[in-house]
Structures are given as C-alpha cells and as structure tokens.
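Inspection log for the structure reproduced underneath, given as structure tokens.
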Amino acid sequence: MTRAVQFLQLSFRLTLLVGLLPNPSASALGADIDFAHDIRPLLSENCFFCHGQDEEHREADLRLDTEEGLAQVITAGDHTESELVRRLLSSDPDEAMPPPDSNRHISAAQAELIARWIDEGAEWQTHWAFSKLVAPPIPAQPSDATAPRRNAIDAFVQAKLVESGLSPSPEAERATLIRRLSLDLTGLPPTPAAVAAFVADPDQGAYERVVDRLLDSPAYGQRMAWDWLDAARYADTNGYQGDGERTMWPWRDWVVNAFDKNMPFDQFTVWQLAGDLLPEATDEQKLATGFLRNHMINGEGGRIAEENRIEYNFDMSETTGTVWLGLTMNCCRCHDHKYDPLTNRDYYSLVAYFDQTPVTGAGGNPQTPPLVSWPSAEQKSKDEELKAAINEQRAALALISATVAERPPRPRTKLTDSTLPLCVTGLPEYQEAKQRLDVLQNEQQGLEKQIPKVMVMQDLPTPRKSFMLARGLYSQPTQEVTPAPPAFLPQRASSHGTDEPQNRLALARWIIAPENPLTARVTVNRMWQQFFGIGLVKTSEDFGVQGENPRQLELLNWLAADFRDNGWDVKRLVRLIVTSHTYRQSSRQTPEQAGEDPQNRWLARGSRFRLPSWMLRDQALAASGLLSPIVAGPGVNTYQPSGVWEEATFGKKTYKLGTGEQLYRRSLFIFWRRIVAPTVFFDTATRQTCTVKTARTNTPLQSLLMLNDTTYVEAARTLAQAALRSDASDDTQRLNFAMQRVLARDASPAEQEVLLAALQRNLHLFDAQADPLEILSVGQSPRAGELDAKLHASWTVICLAILNLDETLNHE
Amino acid sequence: MNPLQQYQRHLSRRHFFGKTATGIGTAALASLLDRDGNLRAASAPNDVRVPGLPGLPHVAPTAKRVIYLFQNGAPTHVDLFDFKPRLQEMHGQPIPDSVVNGRRFSTMTGDASGKVLLAPIEPFAQHGQSRAWVSSLMPYTAQIADELCFVKSMHTEQINHAPAISFLLSGSEMPGRPTIGAWLNYGLGSETDELPSFVVMTSVSKGTSCGQIFYDFYWGSGFLPSRYQGVKLRGSSEPVLYVANPDGISRQMRRSMLDDIAAINQLKANDFGDPEIATRIAQYEMGFKMQASVPELADLSQESAETLALYGPGVEEPGTFAHNCLMARRLVERGCRFVQLMHAGWDQHGSLTTELYTQCRDTDQSSAALVMDLKRRGLLEDTLVIWGGEFGRTPFLQGDIANRPLWGRDHHPYAFTVWMAGGGVKPGISYGATDELAMDAVEQPVHVHDFQATLMHMLGVDHERLTFKFQGRQFRLTDVHGHVVHGILA
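Protein chains in written order, with our numbering: chain A, 1 to 812; chain B, 1001 to 1490.
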C-alpha cells in the first residue's frame, strides 16, 4: 500500500471518528485547541514514561516532552503527514502507540484532538507553571452582570463562570459569614457578642471591619501556623525506634509570631532557609532555620551515620522542593524525572546546598547540633543577673588575693598547684567569697541546662564536596556536583555581587526572585486551598506537567503576580481573598450546581467542607469556655485513652496526662509524638514528611471520637453548665445560648422541636437508665455543684448533639 | 485507575450514599413525628458498605479474604521448614567463599566469608501424605502439613526489618505507599457495614529481647484515602478507640441522640443540597453499629471449650497471638476482608537456643488451629491464610560456635520460606527450592513482587491494573514488576 493510500484511509477514519464522537468537548468542536490544556496532558500521561526526559528509559531515542522532539513526529498543519497520529491510530500491535501492553490508552476522540491540534499549526507552549509569571488583565464586567464584583478575584471567577452556564450565588447570611470568617482566620468560632454586633451593623464596611479585627487578633497567627507546621513536618519527637523527645517548640512559637506580625513571605522564606547565613545573623534568624531541621532523626544503633545524614539532606531538599516550588523531586534521587524537566543532576545539585552542615547523622542525643540557645525573657534576665553577680564575686576574690599578696610574706610550709599560695585560700574571708561564687556558678549552670536548645542550620567553614549518588545510596557517589537551582528554571537576574557564594542564602534568594515562576503561584494556591478547601490547582503538591491544569489559571496568575509585586504581604493576600464576593457566597447547592459541579471548581457558590480535626477541638473548647489562654511553650499532653503510647512503644514511653489548663490548650500546642500522633486528631498530616494537602475523609471512627472522647463530652457538659447558669429564662433561650456559641445562630423552630423533645426524653432516662453524675464526672474540670444533676446531664446530651451536628463539623 | 474512573467512582459512592442515607434521614424524621415519649426501635436497616471499583474483580477470585499471620523479625527458614542434610554435614565448617560471593549482609555480619555453618538446632521429620519436612519445633504445624503450600524460594531486596516489612506489605521499602490490605479494600470494597474491612492486631512473645516497633505505615493507606487504611484493634478491653459510650450514656440514649442528629442533619441536607451530609449520617450509623459489633466480636463467651482449647494457652487473654488468631477467624466470619496479625520477636541474633523455642510455642499451635478451625467451618476454601516474615536467616552462625546458649543467625534476604493455606492455593505441596545450604532461592524463585502479584490474583485482582495516580504518575502495589506464580494455584 502506498503512503498516499494510507493517508487517505487515515483521513477517512478520522472523519468517521468525528462523526461518532458522542459528546465532543467544547475545545474539540469550536475554539482553538490549547496545547498546554488539551494536548500536553495526553502526551504526558501516555507517552512521557518512555519518551520523556529520563534518558535511561527513553525508547527509540525519541522525546515527546520537548518542542524539538515532538517536531520529529509531526508535520505542523497536516496530521496525515504526522507519524505520531499514524502510530496512535495503528491497529498493528507492533506499531500502535501506546503499546497495547503498556496499560496506557489514547482514545479515538483524544487522537482526533491531537490530529486537529496538528492541523491548526501544532503550536507548542511551555508548561503553564514554568512559564513567566505576568499578571493578566482583569476582565471587564459584562453589562448584564448580576452578582457583586468586589475585587479582581470576582472579575476572573465571574468571567470564567459564563463558560459553565452556572450563575454566582448570593452572599451567605451574616451569621454564617462571621462564623466562616472567624474559623478561617483564627480557627475559633465567633463570640455571641461579635455575632450580634455584626448582624446588627448596617454599615457598608461592617464586613471589612470584622476581617481587619480578626487579622489583628493573636489567634490569627495560631491558625495560620498549623498548615505551615504540617508542611514543615513539625513534631516534638525524632521518630523511628526510640522516638526521643526534641525541643523545637521555640521554632513553632516563632512561626506563630511571624504570621501575627505579618512578616513578608519573602523574608519568612529567607530566614527559614538561610537565616544563619545572613550578615550578622541574630539568634532569631538562626532559630527560623529550625524549619529545615524538623526532619525525622534516626537514632537506632547499628545504623550507618552517613546514611542517616544523606537521608536528612534528601528530606530537606524534597521539603523545600514541595513547599516553595511545588515539584515532586523524590523520583530524581535515582533517575531523571519521567515527566518534568528535572534531572538526576538537578536533584543532587539542590541537595548540595543542604550537604554543607556539620551534622554527622550519628544518633544518640535527640538534639543534634548545631543548636541555638533560646532563653525566655525571664531566663535571659536571670542569666544576665547571675553572670553579673559571678563577675562581681570574682572581682571580690581577686581583691582579697591582691590584699593578701601585699601583706608581708609568712613562712610557707607547702606550695600547692593553685596559683595562689595556700595561706590566701585558707583565709576565712576568701573561703566565704569562694563559696558564694560556687553557689552562683552552680545556679547559672543549672539555668543554662534549662534554657531550650533548638536545632538550627549552620554551614561548615570549608564547603564539603557533594556527589550524585547512584540509586540514592550513600555509599555510591558518582559525579561531583556544585550547588545550583534546577537548570530548567530561570536564573536570578539581580545579584548580590559576582562573588556571592552558592549557598543556602543564594538558594533562598533565587526562590523568592521575581523571575522564579513557581514560588508565588505555589504559595497563593496553598492559601486558596486553606480558605476554599481545595486549591485552584487541586494538586497543591505537584505543579509539574502531571499536576492539575488549573481551570482558573488567569486568576491564579493574577493573584500570584499581585502577591509578588506587593511585597509578599500575606495579610493583604488573605484580606483580598476573604473580601471577595466569591468567598462570601452562600454554600447552598442548587441541583444544577450539584450535577454540573459537585466539587465547586467553577466557584459558583461558597465552599462547604469538613473542618480539620484540630479546629473541631479548638471550636469545642472555645464554645464551652474551657480554652486555655496560654499560647506558647513546650507541647502538653491532653486527654487520650490510656495505653496508646505504651502499646506502640512496648511500654518504653509512658503517657503522662497534663494537668489543669494544659488539658485545654489550643491544638497547636499539643505534644506531637511522631510514631503515634495524638489520637484526638484525624485526617492530619503524619508530620513524618512534608505534607501540603491533607485528606478529608468521612468515617465511622470519626463519629465515635466526636461522640465519645473526653474532650467533647467535657466540652458538652461545660457548655450545658454555662447555659444553665446564664440569664436565659426558659429552655428555648438556653438552647439558643448553646447554639449561638457553637453555630453563631439560634435554633430554628424545627431544630427546637427536636432538641427540646430530646431534653424531656433525657430527663426521663437519667436515673431510670443511668446515673447523671457519671456523665457529669467526665473530664477534670470541676462541676457546678449547685445545678440539678439530672437537668445538667440532660443538657449535656443536648450539647453533645449540637457539637456533632453536620453544620458544626463543617466550614459552611 | 484513570482519573475518570476515580471520578466516576466518587460519583457512584455519592449516589450510593445519597440514596441509602436519605432513607435513614427520612426514617429518623418519621420516627420523630411518631415519638410519644417512649423508646422505639433503631432506624430502618441500611447499608453503608464501601463499594469496590467498577470492573473489579478482574478475574474470578479463588479467595474472598485474607488472614496474614505476619511474623515480624524474620523466622529462621533454616531451622523451621527448609531442611538441608548438607548443612548438617557441614556443621561447624566455614562457609565456602564460592557461596558468599562478596554479597552484602547486615552491618552485624559485614563480610560473611569465613563464617561457620550451623546445622538446624532441632531435628526435622517428614509429615503427612505430602511428606513435607517440618522441624520438631513446630509440631502443630507439622500435623496440618497436607493443608499447606510451602513456598521455599521466597527472596527479597531488603536487609533490615522496617524496610523489608514495608517492602513486603507495600511494595516499597520507603514508608508512604498503600499496603496490600489498603489496595484490596480500595479495589474490592468492603463486605461488612458493621466492622472495618482491614483489621490489624499485634502481639509479642513475653520476655522477648527484641525491640521492634509496629510502625503504623505497615498498615497505612499511603496516598489512597485514609478510609482504606487498616484499623488496629488494641490488645485491651476496648479494641477500637472511642468505641464505648461515655460513662452515663446508655445505648438507648445514644440511639435517640443519633436520630436527633440525623433529623437535624437531614434538614440541613434539604436546605443545602450537599450529598456529603448523607454520607455523614450514614457514617454515624455505622459507628453506632460498630459499638455493638465490636464488643460482640471481642466476646468469646459463645466459643466452645473445645475451640478455645484448640487455639491453645492465652487464647482468652487480649493481646496474645492465640487470642488474635481466634479473633481473626471471628473477623472473617463477620465479613472482614483483610486481617493482618503481626507477631514480633523472631529476630534471633543470639537467642536461637532460647527465645526461638518461646517464639514457636507462642505461634505454632494457634496458627495451625486457625487453619483447622476455618476448614471445619467451610471458610478455608475461600480464605487465604499466609504465614511468614520479611526475610530469612543466615545458614551460618552469628556468635561463637563454642557458646551454644548465645547462638544466633543474622538477616538473610536471599531465601526464606512462607506457607499458605486455603483460598485457591494447592494444598500439600512445596514450591521452589534453595540450594544445598539454604542460601539462595535457586529453583522457581519467588520475588516479593511475584508473591504480591499472586496474592492479588487469588483475590481476583490484576496487579498491573489496580493503579492510583499520585504525584503525577500511576502507582501500583508491584511497581513495574511481579509475575503471578501459577504453580501454587489449585
């Protein structure tokens, strides 16, 4: 068969295919086909594994991930002349691509799309996330717009929404809004007074004033810190066998303060990656680098120290890659990335930045140097006081010695090793002074031991030679590498002089350089995910070609550029997001939305998703009034069923429950044992390796925890007690007292009917079936003895039900 | 699985829950209207089982469920199952260099050349019609030899415990991949709405010197949704965390409370239209069911004295291996798909002549009892039982030949034995073989990925087709390896 005939047949088949397509997508029918959106994902998913950048596994010496490579198998403008299309449609098992046994498949419709893209000129584009970050123009408002347009976010979202056929939702009720906002910005529910004031405030700027008040609240930093701690794999122990305790909490408190003070994100970045390398680095700047040292430490005997050290370097590099660049680097330990333009060499060039510390990898002491001392203000002044007193005492001693020396010499019987003659040290005034000095020195040494020492970064005076490692094995170095950012990404234009060393500081400056296309996009996306439950790019951990192609790319680009070009101002970014109409929409789903957009990717409504478990706990503590005001310091142990640590560690670690207010600290301040995380949380990051997106599941075990854990039962009984002791004059008012604290609203008539009937039923059941004092004894906080036990217990059950309502569990 | 399937599955799950759970809500509302102050029966029956993926099983399954008796620490194949007369003959002689061949052993052994060979510490005999060789250390296992398929040519790539266990159970030595139980749970769904479908129980022999920790990634779901991870039953009176009502809350009070919550949630669902609310209602219902089914599961009072005696000493004591074996039978009877028992202490670096005896005594009888008990109840034919560790132990001695009380064997990745029973495995055979010193798997070697592929195959799953996209690529249990070992299939 001649080639011409082949092509004719091919064209015929394609024509048939078009006719057969059941529901051709919009792009397949009308608008131009977009390489980045429509074509690359197909090639990446089905072809790059063998025809990508990994040289080791490349078949037929053909690359389809580059413009040049692709050009070898296509003829722009004519698919019939393109080998690629021929192979995709071939029925010959030896020729067909992807090979039938590869478990990959390109459908006829997809092949048609590729053919059309070729016919339209086969225009190639850089992957969207790696392309230069430029703010796109803000879409103009259509004349028939119905929804409010409060800022640029709404302009982008509403312009895009036109394509979907969906319409924006109206703004949520005020009570819903202030609860949403309070939980999002502080992780705590609003107080009834704050709700009442906002609901009654007719002023146009009322909402923005609430936003500003919450952004200024110290609870803001505590809320923002959680997600950062997940990413930073923060924990209070080392992990692995032994799981020794460490002291990283001063770093955690530093993160809270940094968010509170609205430290610009570029500075936040530089300090954590390279604070120690800044000129005249302060202790605070060194402390910030604890970020990198939060990795697990393996203290098992018999482990090879160098193997550990290399593991730590990998962890630091991969964490940096995920948090700032949204790149999945770990495959490049062994080979070039299958999909992204990251090479094996790039990986080790990045590792080389972190390969310069004096850490040896040897186990033993959980706090492995380098360390920074981090005294509290009290400890600091006490230390200075003691040091001054020591100096004073030393001076006094010297004076005594000098005075004695001037006296006429007495006959000596014996000389000691001491520089002073025995006669001086034997004097009572000398001995007294010496004793005082000893006491002071002991006290100072005791204090020194108590001062927290935090693991931080530091580089060796002479750079260590760094090597690529075959299959990531510490024992198999191959070629030498020097520190460098991934080669495919743009270099930094601005410079701190030509003699600037390629160290972590240079890396940090490259990461925040305006030329870097990833940092701002990745960061803004994570922030969006925090408030909408899902990122504009759903794969917040992967911005590579296998990550999600964002539907709202223009919005993401605009937000990222705006963030970068306005001083990396985090509070400004948060304010922008939460003051948009997009954020303020009601989360009610119309049947149309539920069918068209179950995941709310078009953003035609507010986001509704289950609150993280740590926030559920804080919400219950705050609503009941139990929440401790202490918001710093070493992690504490809260309620946990007995034996969990003991079982996991064969009895080597004993759980010692905290006391008093410690039981009611915010979740952020709970001690995190890495090999067995606090059981009161679910769906959290493991805090073993970097996590930027946690799962959100819905399981029966969660329901058992929410209904039966001491934390929630005690919160319910305390809330009930508050309702009974309030000035509420009837049961409906008492019910609303509790509802207001948890849900920021009164109970509806239907809810009143259900819950007040339940109250009567419980009053019957207590005594008949259970001793009311039992439920009132759950948890350590004291019970108000003057309350009728049966009444109090019955209200406790009502409050526990309120704490378990779907609305309570959700970001509404 | 491609993203479209993932999405469709999500839809079908929502649809599924949407349908059934609306039923509950309506029932709850109806019962509410009828309420006259008296207690009433629980809401209408409903089904909250997690469905499997469309298109699965890929092939007709021979096993519906698995009980994996995982022996942490690596049992010594040389002393228990892999009998080598030549090793007896060469007892006390240095291992030939040609056998060592510059291979890597643990840092405790380092270079193996010159190490002294050690004969099995107890005699072997042949048992049953199959004439299988079993050590006298395992008398009960010997009695059921005709039910068992000994795979004597297992081999792995990992030399330390945690990485090797992770490799066997998740296909990767690094933590963070889904384990076998999670994959099966995800692919095949669950058969019970009253108990978790993937259950883990751990135990350790008393007085063992081993300090191995049961890391939770041994039963993790990796990048699969966390609902697929194993649920660890605790060795205590409360096997599932938070399963008991707080003091002072009766079951009837809880029932009514859940109806109240469901009624209000249903109002919310009607108003907001979020199908996830229906799922929430259903999950609270399943939690309620578990509150009854878990204590019922743990209540052995209906087991006959004969059955209890079959499993041996300690069977009534939560946290022992014997107890866990009986619980495993009770779990699969109640629809649990994957039961993973993990028993630590098999790490005889210097305790072959001491702790190995305890270790065998604590596991031999109840392992055999489980197989027999399943068989007489008709469960063995579609339940796969697996017994084995993460690698084997060296045919050569670790320690001093003159100091018998401290004899030991080091880690040995090159060969080990695993036995299987039921679930479509050929009974009464030995598959594969090691060389004359039990050093290398030389005949019909079975790599860990082959073992995994075969296990999946018995459950009706094509290991190459059960995949999940994560960080930009499709992952599967067996990475890019693994062949089904057809020779052991009945």
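For glycine and all other residues, C-beta sits at the position ideal for the given N, C-alpha and C.
Query: Mapping the DSSP letters down to three states, classify residue 1420 of chain B as helix, strand or coil.; Result: strand
Query: What residues are listed by DSSP as bridge partners for residue 610 of chain A?; Result: A/810
Query: Leaving out five residues before and five after residue 1470 of chain B in sequence, what residues of the same chain have Cβ atoms less than 7 Å from its Cβ?; Result: 1223
Query: Could you give the first and the last residue of the continuous alpha helix (DSSP H) run that contains residue 733 of chain A?; Result: 731-743
Query: For my contact list, residue 674 of chain A and residue 227 of chain A are in at a C-beta cut-off of 8 Å; report their separation, rounded to the angstrom.; Result: Contact flag wrong, Cβ pair sits at about 18 Å.
Query: Out of A/768, A/574 and A/779, point me to the one whose CA is closest to residue 212 of chain A's CA.; Result: A/574
Query: Determine the direct distance from the alpha carbon of residue 1296 of chain B to that of residue 752 of chain A, and round the result to whole angstroms.; Result: 36 Å
Query: Which one of A/624, A/659 and A/784 has the shortest CA to CA distance from residue 803 of chain A?; Result: A/624
Query: Looking only at C-alpha atoms, which of A/525, A/59 and A/647 sits nearest to residue 555 of chain A?; Result: A/525
Query: According to DSSP, is residue 509 of chain A helix, strand or coil?; Result: helix
Query: Measure the Cβ-Cβ separation of residue 315 of chain A and residue 332 of chain A and say whether it is below 8 Å.; Result: no
Query: Using a Cβ-Cβ cut-off of 6 Å (strictly less than) and excluding sequence neighbours within five positions of residue 452 of chain A, which residues of its own chain qualify?; Result: 247, 250 and 374
Query: Would you say residue 1026 of chain B reaches chain A, if we count a Cβ-Cβ gap shorter than 8 Å as a contact?; Result: Confidence at residue 1026 of chain B is low in this model, with a pLDDT of 34, below 50, so its placement is unreliable and no value can be given for it.
Query: Since residue 1232 of chain B sits in a beta bridge, which residues does DSSP pair it with?; Result: B/1200
Query: Spell out a yes or no on whether the segment 136-150 of chain A and the segment 709-721 of chain A are touching, meaning 3 or more CB-CB pairs, one atom from each, closer than 8 Å.; Result: no
Query: Just reading off the beta strand (DSSP E) that residue 454 of chain A is part of, what are its end residues?; Result: 453-455
Query: Which residue comes first and which comes last in the beta strand (DSSP E) that contains residue 434 of chain A?; Result: No beta strand (DSSP E) contains residue 434 of chain A, which is instead part of the alpha helix (DSSP H) from 428-450.
Query: Could you please give the first and the last residue of the uninterrupted beta strand (DSSP E) stretch that includes residue 477 of chain A?; Result: 477-481
Query: Select from A/171, A/466 and A/377 the residue whose C-alpha is nearest the C-alpha of residue 819 of chain A.; Result: Missing from the structure shown is residue 819 of chain A; chain A here goes from 1 to 812 and no further.
Query: Should residue 601 of chain A be flagged as near chain B, meaning a C-beta pair shorter than 8 Å?; Result: no
Query: Could you please give the first and the last residue of the uninterrupted beta strand (DSSP E) stretch that includes residue 1388 of chain B?; Result: 1383-1388
Query: Is the shortest distance between the beta-carbon of residue 750 of chain A and the beta-carbons of chain B less than 8 Å?; Result: yes
Query: For residue 653 of chain A, which three-state DSSP category applies?; Result: coil
Query: By the 9 Å beta-carbon criterion, what residues does the segment 1279-1292 of chain B contribute toward chain A?; Result: 1279, 1280, 1281, 1282, 1283, 1284, 1285, 1286, 1287, 1288, 1289, 1290 and 1291
Query: Is the distance from the Cβ of residue 1454 of chain B to the Cβ of residue 1485 of chain B below 8 Å?; Result: yes
Query: With DSSP as the reference, please indicate the residues paired to residue 1341 of chain B in a beta bridge.; Result: B/1069 and B/1201
Query: Chain B partners of residue 338 of chain A, CB-CB under 7 Å?; Result: 1473
Query: Does residue 1267 of chain B have its Cβ less than 8 Å from a Cβ in chain A?; Result: yes
Query: Candidates A/344, A/661, A/480 and A/35: which alpha carbon is nearest residue 334 of chain A's?; Result: A/344
Query: Go ahead and label residue 105 of chain A buried or exposed: buried means 16 or more other beta carbons lie within 10 angstroms of its beta carbon, across all protein chains shown.; Result: exposed
Query: For a contact defined as C-beta to C-beta under 7 Å, what are the partners of residue 1246 of chain B on chain A?; Result: 708, 713, 775 and 778
Query: Please list the terminal residues of the continuous beta strand (DSSP E) segment that includes residue 1443 of chain B.; Result: 1441-1443
Query: Using the Cα positions of residue 1440 of chain B and residue 504 of chain A, report the straight-line distance between them to the nearest angstrom.; Result: 47 Å
Query: Could you give the first and the last residue of the continuous beta strand (DSSP E) run that contains residue 1154 of chain B?; Result: 1148-1155
Query: Less than 7 Å separating the Cβ of residue 1378 of chain B from some heavy atom of the ligand COA?; Result: Within the structure as shown, the ligand COA is missing, as the structure has no ligands at all.
Query: Suppose contacts are defined by Cβ-Cβ distances below 8 Å. Is residue 1421 of chain B in contact with residue 1149 of chain B by that definition?; Result: yes
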